[in-house]
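Structure first, commentary second.
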Amino acid sequence: MAPSQDRPADLVRLNANESPYDLPAAIKDEILEAARDLPFNRYDPGLADGLRDQLAAYADPRSPGRVTAENVVLGNGSDEIILLVNEVFAGPGGRTVIVSPSFEMYHITAARIGAATARFELESGRAAGAGTSFALDVDRLVRACHDASVVFICRPNNPTGTVAPEEAIHRLLAETPAVVAVDEAYHEFTGLTVAPLAPRSERLVVLRTLSKLFSLAGLRLGYAIAPVSLAEKMNRARLPFNVSTFTQLAAGAVLRRRAELEPLRRAIMAESARLQGELVRRPGVTVHLSGANFILVETPLSAADLADALRRRGVLVRTYPDEPSLAHHIRVNAGRPDEGDAFLTAFDGVLSPGKDWRA
Ligand SMILES: Cc1ncc(COP(=O)(O)O)c(C=O)c1O
95 MAPSQDRPAD LVRLNANESP YDLPAAIKDE ILEAARDLPF NRYDPGLADG
145 LRDQLAAYAD PRSPGRVTAE NVVLGNGSDE IILLVNEVFA GPGGRTVIVS
195 PSFEMYHITA ARIGAATARF ELESGRAAGA GTSFALDVDR LVRACHDASV
245 VFICRPNNPT GTVAPEEAIH RLLAETPAVV AVDEAYHEFT GLTVAPLAPR
295 SERLVVLRTL SKLFSLAGLR LGYAIAPVSL AEKMNRARLP FNVSTFTQLA
345 AGAVLRRRAE LEPLRRAIMA ESARLQGELV RRPGVTVHLS GANFILVETP
395 LSAADLADAL RRRGVLVRTY PDEPSLAHHI RVNAGRPDEG DAFLTAFDGV
445 LSPGKDWRA
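Numbering of the sequence shown is given in this note's numbering, commencing with residue 95 and proceeding in unit increments.
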């Protein structure tokens with residue numbers, strides 16, 4: 095099949111925050127070998143409970159037993175978990191507050207199920223020579239959530255890198271009626287987490303995914319850690335068998351052998367640091383750090399023009415055409431070093447003084 099317009103095979107893809115590395119061959123082989131014995135004819139050969147146990151132990155390794163399988167909801171990617179949160183806790187007639195700009199799926203799924211959505215804008219003021227601030231005003235957020243059904247906080251925020259202070263989460267739980275959905279898609283890179291707090295909270299739902307460091311974007315496994323009463327509601331609402339048995343098998347193996355991914359994590363973080371170090375040296379460029387595998391890059395050029403010019407030079411990056419505060423920002427993720435080199439060469443080709451970026 096010919097590659098699609100949006101996903102050409104020969105472009106350097108630094109636009110989806112994926113891991114540039116497939117699973118180590120030994121883990122992939124184990125999965126494929128074990129799949130031979132998996133009864134493909136059965137809806138449920140009994141893997142899901144074991145996987146929920148594993149995820150519970152992984153979510154709070156320091157206090158075994160505090161998070162249990164009953165706190166875990168499995169999703170077909172965390173996109174599905176985001177949809178479930180909107181469906182179960184906002185629903186038509188509910189109100190979802192979204193700290194913005196952020197991951198677009200919060201808004202897309204809320205709108206799809208008929209919840210009213212309110213974007214809570216991060217500060218987009220610009221200090222002289224320092225680029226956009228993207229700070230979170232916690233008092234204002236708490237006020238904005240006074241009648242919210244759900245509030246989404248991505249931590250660190252994709253794409254701005256903003257980290258909501260833990261105090262913001264505590265205040266939202268104490269002072270508003272909202273289910274507080276904290277998306278920790280990049281936890282494996284940053285170490286940041288409030289997952290251990292979720293089981294004993296009233297309304298904290300933590301969202302995670304195996305799509306990033308764990309290299310399973312294509313197999314689709316996301317999960318939520320939530321208080322039992324909320325997890326039960328989500329489990330009743332999700333479609334039965336929403337996660338394939340093959341994905342459950344693969345996720346179990348990857349979690350068990352996650353120590354073997356540590357070199358990949360280090361390589362991705364080293365590449366992220368290298369790109370940041372290179373970019374900050376370019377005049378006129380502001381780099382917004384995330385502590386994760388992506389970087390928001392602010393330049394004098396319009397994001398659309400820059401991304402088009404990079405694409406013509408073979409590199410895909412992410413832009414935000416509907417976000418006025420990101421009109422001059424592209425998001426690029428750490429890939430392999432050769433991909434990073436291709437990006438930097440293309441970037442310099444576009445932005446070097448005297449160069450015509452259209453060329
Ligand atoms: C913040 C955030 N949440 C969720 C996702 C989606 O993850 P999944 O592949 O598990 O649906 C992404 C993917 O880029 C993301 O950036």
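Each residue gets a CB set at the ideal place from its N, CA and C atoms; glycine is no exception.
(message) Classify Gly171: buried if its beta carbon has 16 or more other beta carbons within 10 angstroms, exposed otherwise.
(response) buried
(request) State yes or no: is the beta carbon of Gly185 nearer than 8 Å to at least one beta carbon in chain C? (result) This model lacks chain C altogether; it includes just one protein chain.
(request) Using 10 angstroms around the beta-carbon of Phe437, count the other beta-carbons present and answer buried if the total reaches 16, otherwise exposed. (result) buried
(message) Could you give the first and the last residue of the continuous alpha helix (DSSP H) run that contains Tyr115?
(response) Looking at the DSSP string, Tyr115 is not in any alpha helix (DSSP H), and its letter there is neither H nor E.
(request) Please confirm whether Leu235 and Val193 have their CB atoms less than 8 Å apart. (result) yes
(request) Tell me, please, which residues DSSP counts as bridged to His382. (result) Leu390
(request) Let me know if Tyr322 comes out buried or exposed under the rule of 16 or more other beta-carbons within 10 Å of its beta-carbon. (result) Here residue 322 is Val; the residue named in the question, Tyr, does not match the sequence. By the neighbour-count rule (16 or more Cβ atoms within 10 Å), Val322 is not buried but exposed.
(request) Measure the C-alpha to C-alpha separation of Arg406 and Asn387 and round it to an integer number of angstroms. (result) 24 Å
(request) Count the other CB atoms, across all protein chains shown, that sit within 10 Å of the CB of Ala120; report buried if there are 16 or more and exposed otherwise. (result) exposed
(message) Under 6 Å, CB to any heavy atom of ligand 3. Which residues pass, going along the chain?
(response) Questions concerning ligand 3 fall outside what the structure shown contains, since the ligands it does hold are ligand 1.
(message) Which residue wins for smallest C-alpha separation from Ala129, given the options Ala151, Arg330, Phe340 and His422?
(response) Phe340
(request) Starting from the Cα of His201, find the closest Cα among Ser218, Glu181 and Arg220 and give me that residue. (result) Glu181
(request) Using the Cα positions of Leu304 and Phe283, report the straight-line distance between them to the nearest angstrom. (result) 12 Å
(request) Could you tell me the boundaries of the beta strand (DSSP E) in which Tyr317 lies? (result) Gly316 to Ile319
(request) Indicate whether Gly429 and Pro114 have their beta-carbon atoms separated by less than 8 Å. (result) yes
(message) Cutting at 8 Å between CB atoms, please list the residues of its own chain near Met363, excluding the five before and the five after it.
(response) Phe283, Asn387 and Ala428
(request) Tell me whether the beta-carbon of Asp277 lies closer than 8 Å to the beta-carbon of Leu298. (result) no
(request) Could you have a look at Gly371 and say whether DSSP puts it in helix, strand or coil? (result) helix
(message) Can you tell me whether Asp231 is helix, strand or coil according to DSSP?
(response) coil
(message) Quick check on DSSP: helix, strand or coil for Ser98?
(response) Confidence in Ser98 is poor, its pLDDT being 47 and thus under 50, which makes the residue's placement unreliable; the coordinate value appears in the next sentence. Three-state result, Ser98: coil.
(request) Kindly give me the distance between the Cβ atoms of Leu230 and Ala204, rounded to whole angstroms, as I take these residues to be in contact under 8 Å. (result) Rounded, the Cβ-Cβ distance is 20 Å, inconsistent with contact.
(message) What does the Cβ neighbour count give for Ala440, buried or exposed, with the cut at 16 atoms within 10 Å?
(response) buried
(message) With three or more beta-carbon pairs closer than 8 Å as the criterion, would you say the region 210–218 touches the region 346–358?
(response) no
(message) Am I right that Gly385 and Gly225 are in contact with their C-beta atoms under 8 Å? What's the rounded C-beta distance?
(response) Going by Cβ atoms, the distance from Gly385 to Gly225 rounds to 17 Å, so no, they are not a contact pair.
(request) With DSSP as the reference, please indicate the residues paired to Arg107 in a beta bridge. (result) Leu410
(request) Return the CA-CA distance between Ala163 and Ala325, expressed in angstroms with no decimal places. (result) 10 Å
(request) Entirely within the region 151–196 and at least 4 residues each: give me those alpha helix (DSSP H) ranges in chain order. (result) 172–179
(request) Specify the secondary structure class of Phe340 as computed by DSSP and reduced to three states. (result) helix
(request) Identify, in the order they occur along the chain, each residue of the same chain with its Cβ nearer than 7 Å to the Cβ of Val381, setting aside the five sequence neighbours on each side. (result) Gln370, Leu373, Val374, Ile389 and Val391
(request) Below 7 Å CB to CB, which residues in the same chain sit around Asp123 once its five sequence neighbours on both sides are set aside? (result) none
(message) Looking at Ala292: is its Cβ nearer than 8 Å to the Cβ of Asn165?
(response) yes
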